[in-house]
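Participant:
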Amino acid sequence: MPDHRAAPWFKRLLKPGVRQKDSLITPRLLLRPLRTQDARDFHAYARDPLVARFVFWEAHTSLTQTRAILQSMILESHLTGLHTMALVLRDSQRMVGTIGLVERLGADRAELGFSLARDCWGQGLMTEALTTYLEHLFTRHDFTQLLAKHDTLNPASGAVMRKAGMTQLRQAPERLRYKGREAQLATYRADREGWLAWWAGCRRPLP
Ligand SMILES: CC(C)(COP(=O)(O)OP(=O)(O)OC[C@H]1O[C@@H](n2cnc3c(N)ncnc32)[C@H](O)[C@@H]1OP(=O)(O)O)[C@@H](O)C(=O)NCCC(=O)NCCS
Numbered sequence: 001m002p003d004h005r006a007a008p009w010f011k012r013l014l015k016p017g018v019r020q021k022d023s024l025i026t027p028r029l030l031l032r033p034l035r036t037q038d039a040r041d042f043h044a045y046a047r048d049p050l051v052a053r054f055v056f057w058e059a060h061t062s063l064t065q066t067r068a069i070l071q072s073m074i075l076e077s078h079l080t081g082l083h084t085m086a087l088v089l090r091d092s093q094r095m096v097g098t099i100g101l102v103e104r105l106g107a108d109r110a111e112l113g114f115s116l117a118r119d120c121w122g123q124g125l126m127t128e129a130l131t132t133y134l135e136h137l138f139t140r141h142d143f144t145q146l147l148a149k150h151d152t153l154n155p156a157s158g159a160v161m162r163k164a165g166m167t168q169l170r171q172a173p174e175r176l177r178y179k180g181r182e183a184q185l186a187t188y189r190a191d192r193e194g195w196l197a198w199w200a201g202c203r204r205p206l207p
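As structure tokens, this is what we get:
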């Protein structure tokens with residue numbers, strides 16, 4: 001497995017994720033359950049067509065719609081017991097994204113997904129969120145395998161998966177029609193034992 005300890009993004013991850021009640025803390029983010037009060041922040045980025053371009057949901061068209069979507073996400077989180085987490089900037093307390101399970105694939109396998117406000121892209125924030133979230137799912141929720149898929153036209157998403165220690169499956173891209181075109185999806189996976197060993201290596205101080 002590649003040694004990412006010297007990678008620039010890793011320097012920001014040296015402080016391990018700390019778990020509070022129902023929340024996770026990274027150096028720059030708080031990951032916590034969604035709240036109805038997130039509606040305005042959520043709408044501010046979910047109405048952006050570029051944020052919605054490579055996800056299965058459409059850009060939100062009104063705050064009313066965002067409120068309804070948020071309510072159903074919160075309800076679903078309660079029903080499944082696995083929260084979709086809001087990503088909140090610790091500095092400003094602004095809710096700038098989500099990370100969560102998009103599909104359960106059995107008792108101990110699931111697919112996850114994520115999205116982030118456009119003005120926050122390119123700062124390593126999603127890598128920070130994904131590593132902490134994977135650790136949480138593997139150590140607190142008994143998952144043995146987690147998958148994530150991305151449109152091959154959205155390579156930044158694949159880069160996040162790789163930087164977070166996931167490995168691309170050696171298989172032909174999955175073909176899927178969405179948003180009026182035939183897309184190709186690449187799949188990444190993380191297996192609990194291998195991923196936790198990789199993550200422990202990342203957190204070891206450099207010699
Ligand atoms: C994809 C997304 C989550 C990335 O979040 P982010 O916080 O900007 O990601 P990070 O900064 O942690 O890492 C992005 C990496 O992608 C790389 N990248 C950016 N654009 C790229 C491109 N066109 N080709 C290849 N790599 C690219 C960056 O260089 C960076 O890697 P580096 O740190 O090694 O330089 C964010 O852009 C987003 O939310 N997009 C809209 C929703 C979405 O597409 N969700 C994913 C659905 S599968």
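End of the sequence shown sits at 207 in the numbering used here; the numbers just go up one at a time, nothing left out. From the three backbone atoms N, C-alpha and C, an ideal C-beta is built for every residue, glycine too.
1) Find the nearest neighbour of Arg118 within the set Arg90, Thr98, Leu63 and His136, judged by alpha-carbon distance.
2) Spell out the partners DSSP gives His150 in its beta bridges.
3) How should Leu122 be labelled, buried or exposed, when 16 other C-beta atoms within 10 angstroms of its C-beta is the threshold for buried?
4) So, is Leu176 buried or exposed, given that buried needs 16 or more other C-beta atoms within 10 angstroms?
5) Got a sec, what are the start and stop residues for the beta strand (DSSP E) Arg177 sits in?
6) Does DSSP put Met85 in a helix, in a strand, or in coil?
7) Indicate whether Tyr133 and Thr167 have their beta-carbon atoms separated by less than 8 angstroms.
8) Run the CB neighbour count on Ala190, radius 10 Å, all protein chains shown included, and call it buried at 16 or more, exposed below.
9) Skipping 5 residues on each side, what residues in its chain have a beta carbon closer than 6 angstroms to that of Arg94?
10) Classify Leu14: buried if its beta carbon has 16 or more other beta carbons within 10 angstroms, exposed otherwise.
11) On the CB-based measure, 16 or more other CB atoms within 10 Å of its CB, does Phe143 come out buried or exposed?
12) Can you list, in chain order, the residues of its chain whose CB lies under 8 angstroms from that of Ala44, leaving out five sequence neighbours each side?
13) If you count every other CB in all the chains shown that lies within 10 Å of the CB of Glu135, and 16 or more means buried, which is it?
14) Span of the alpha helix (DSSP H) holding Arg194?
15) Checking 8 angstroms against the spacing of the C-beta atoms, do Arg109 and Leu30 come in under that value?
16) Could you pull the start and end residues of the beta strand (DSSP E) that Gly113 belongs to?
17) Buried or exposed, going by whether 16 or more other CB atoms sit within 10 Å of the CB of Leu125?
18) Beta-carbon separation of Val160 and Thr127 under 8 angstroms?
19) Is the CB-CB distance between Leu156 and Leu87 below 8 angstroms?
20) From the DSSP secondary-structure annotation, give me the bridge partner or partners of Asp33.
21) Just verifying my parser: in three-state terms, what is the DSSP assignment at Met1?
Facilitator: So, from the data block:
1) Nearest C-alpha to Arg118: Thr98.
2) Ala186
3) In the sequence on display, residue 122 carries Gly and not Leu. Exposed is the call here.
4) exposed
5) Glu174 to Tyr178
6) Met85: strand per DSSP, three-state reduction.
7) no
8) buried
9) Asp41
10) Summary for Leu14: the model assigns pLDDT 34, below 50, so the residue's position carries little reliability, and this model does not support an answer.
11) Only buried fits Phe143, as 16 or more other CB atoms lie within 10 angstroms of its CB.
12) Same-chain partners within the cutoff: Ala117.
13) buried
14) Contrary to the premise, residue 194 reads as Gly rather than Arg in this sequence. Arg192 to Arg203 is the extent of the alpha helix (DSSP H) around Gly194.
15) no
16) Arg109 to Leu116
17) buried
18) Against a cut-off of 8 angstroms, the Cβ pair of Thr127 and Val160 comes out as a contact.
19) In the sequence as displayed, the identity of residue 156 is Ala instead of Leu. For Ala156 and Leu87, no; Cβs fall outside 8 angstroms.
20) The sequence given here places Pro at residue 33; Asp does not occur at that position. DSSP lists Met85 as partners of Pro33.
21) Caution applies to Met1, whose pLDDT of 40 falls short of 50 and renders its modelled position unreliable; the value that the coordinates give is listed next. Judged by DSSP in its simplified three-state form, Met1 adopts coil rather than helix or strand.
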